[in-house]
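Accompanying notes for the structure given below.
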Amino acid sequence: METTAAPLLQTPNYIKQLAESPDLHFIPANYVHSTNNPCDSSDSNSIPIIDFSLLTSGDPHQCSIAIHHLSKACQDWGFFMVVNHGIPENLIKAVIDCTHEFFNLPEEDKREYAGKHVLDPIRCGTSFNASKENVFFWRDYLKVFVHPQFHSPTKPQGYRDIVSEYCEKIREVAKMLLGGISESLGLEEGFLDKALDLKSGLQIFVGNYYPNCPQPELTMGMPPHSDHGLLTLLIQNQVGGLQVQHEGKWINVNALPNSLLVNTGDHLEIFSNGKYKSNMHRAVVNNKVTRISIATAHGPSLETIVSPASPLVYNENSAAAYIPMKYSEYLELQQSNQLDGKSCLERLKFPRN
Ligand SMILES: O=C(O)CCC(=O)C(=O)O
Ligand SMILES: [Fe+2]
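Residue numbering for the sequence shown follows numbering that gives the first Met the number 0, beginning at 0 and increasing consecutively.
Rendered as structure tokens:
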């Protein structure tokens, strides 16, 4: 394997800019990660598949099958693919295309959204928590709050209409899945929705841009992490790169055509009192083509204090395993330098003896 790397580089504004520099054969040293080789992973055909049409069929028997599948998927994997979700293929393509156009805008158009606070509604930048780690990843991002209030960059043209249509549709899918998940926990379908104030719930549209990389085996697009919130629904431009952790192994996600890739988040773990663990995942890059992915994260309202669901806790068999915290405070803590190497979720776990 080629291990030579170019010297350290001053932080570029965007990885896109670096990846497009002529004669880039070696990646700068601050992009090299000595974690396990990202290519050392298994393929899997066993990733759970949820047929969304069963959940929405109105037939109680079909619904209960889907709920059972959701329960197993959340408990065993924290990850599943959703088919027959009803979101038109051409809308998905349009969202990916206009997000690609956003990343292709001149730097001055993107500059006004750079270097913002985690609660600012539109942010774009590079890497993954670069301010904290000073270690870089092969990725640029655009993060936009799209619910309860819809925000949008002003360019490219057409972006606002396409993305708002997509976000509305994907939120409906997330809401139905969360209704099924609520039932799978032995709660009423609407329990989670009410408890976490989903009608004012935060929805964040995250566009990820991973340009092709001359030494993909030495770096990573996104390091291993879990997502905040309840459920993240992801689409991509037909280029793989997402890997999920399952039973201690990294699994390449080979997406079914036109499927949504869904992972559980930290606040579902908290709400379920640890029954549904938040999924660990990461993104690898390749040396051939640019990969675009769009992750839409769905969480409680920013004001909600998230704690384990009361019916799951106040019985003789279990006690709350997580300390309650306001969702907005969680987001700020996650971005801060005050975690002593622990994950934010780890910090909220009650110590067990
Ligand atoms: O690009 C991917 O496949 C993963 C993206 C992701 O994990 C995220 O945006 O949180
Ligand atoms: Fe993620």
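Using N, Cα and C, we set each Cβ at its ideal position, and we do this for glycine too.
Span of the beta strand (DSSP E) around residue i
i	result
PHE51	That residue, PHE51, is in no beta strand (DSSP E); its alpha helix (DSSP H) goes 51 to 54.
THR98	No beta strand (DSSP E) holds THR98; the alpha helix (DSSP H) holding it covers 88 to 103.
PHE78	78 to 82
ALA282	280 to 282
ILE121	121 to 125
N-terminal and C-terminal residue of the alpha helix (DSSP H) that residue i is part of
i	result
ARG170	158 to 183
ASP15	The residue asked about is misnamed: residue 15 is Lys in this sequence, not Asp. Element bounds for LYS15: 14 to 18.
VAL365	Any answer about residue 365 is impossible in this case: the structure gives the chain only from 0 up to 352.
GLN235	Element bounds for GLN235: not the alpha helix (DSSP H) but the beta strand (DSSP E), 230 to 235.
SER327	326 to 334
ASP196	Here ASP196 belongs to no alpha helix (DSSP H), and DSSP marks it neither H nor E.
GLU107	106 to 110
Sub-9 Å separation of residue i and residue j beta-carbons
i	j	result
HIS116	LEU201	no
VAL172	VAL81	yes
ILE180	LEU233	no
TYR158	ILE86	no
THR153	ASN12	no
ASP226	ASP192	no
LEU176	ILE49	yes
VAL252	ILE291	no
PRO299	TYR326	yes
HIS24	PHE51	no
PRO323	LEU186	no
GLN16	GLU111	no
LEU184	SER63	no
THR295	THR218	no
ASN22	HIS245	Sequence check: residue 22 is Asp here, not Asn. Not closer than 9 Å, so no.
LEU104	PRO155	yes
ASN211	PHE135	no
LEU330	LEU301	yes
GLY247	ALA282	no
HIS224	PHE79	no
LEU90	LYS168	yes
Backbone secondary structure at residue i - three-state DSSP
i	result
LYS142	strand
ASP39	Model confidence at ASP39 stands at a pLDDT of 49, short of 50, so the residue's coordinates are unreliable and nothing is read from them.
VAL31	coil
SER63	helix
TYR209	strand
TYR321	strand
HIS224	strand
THR2	Residue confidence is low: THR2 scores 48 on pLDDT, short of 50, so the model does not pin down where it sits. Its coordinate-derived value is still stated next. Looking at THR2 - three-state DSSP - the assignment turns out to be coil, as it is neither helix nor strand.
PHE270	helix
GLN244	strand
LYS341	coil
LEU201	coil
ALA254	coil
LEU260	strand
SER292	strand
ARG346	helix
HIS297	strand
PHE190	helix
8 Å contact criterion, which residue i and residue j should meet: CB distance rounded
i	j	result
MET142	VAL205	In the sequence as displayed, the identity of residue 142 is Lys instead of Met. With 8 Å as the limit, LYS142 and VAL205 qualify as a contact, their Cβ atoms being about 5 Å apart.
GLN242	ALA254	Not really, about 12 Å apart at Cβ, beyond 8 Å.
PRO213	ILE26	6 Å
GLY77	ASN262	6 Å
TYR209	ARG138	5 Å
TYR321	ILE269	5 Å
Min CB distance residue i to chain C below 9 Å
i	result
LYS92	The structure shown contains no chain C, having only a single protein chain.
Does the region 256 to 263 come close enough to the region 188 to 203 to have 3 or more Cβ pairs within less than 8 Å?
Three or more Cβ pairs closer than 8 Å define a contact, and the region 256 to 263 falls short of that threshold against the region 188 to 203.
The region 276 to 286 in contact with the region 300 to 315 per 3-pair CB rule at 8 Å:
Contact between the region 276 to 286 and the region 300 to 315 is absent: fewer than three C-beta pairs spanning the two stretches fall below 8 Å.
For the region 99 to 110 against the region 61 to 74, do three or more pairs of beta-carbon atoms, one drawn from each stretch, fall closer than 8 Å, so that the two count as touching?
The region 99 to 110 makes no contact with the region 61 to 74; the number of CB pairs closer than 8 Å stays below 3.
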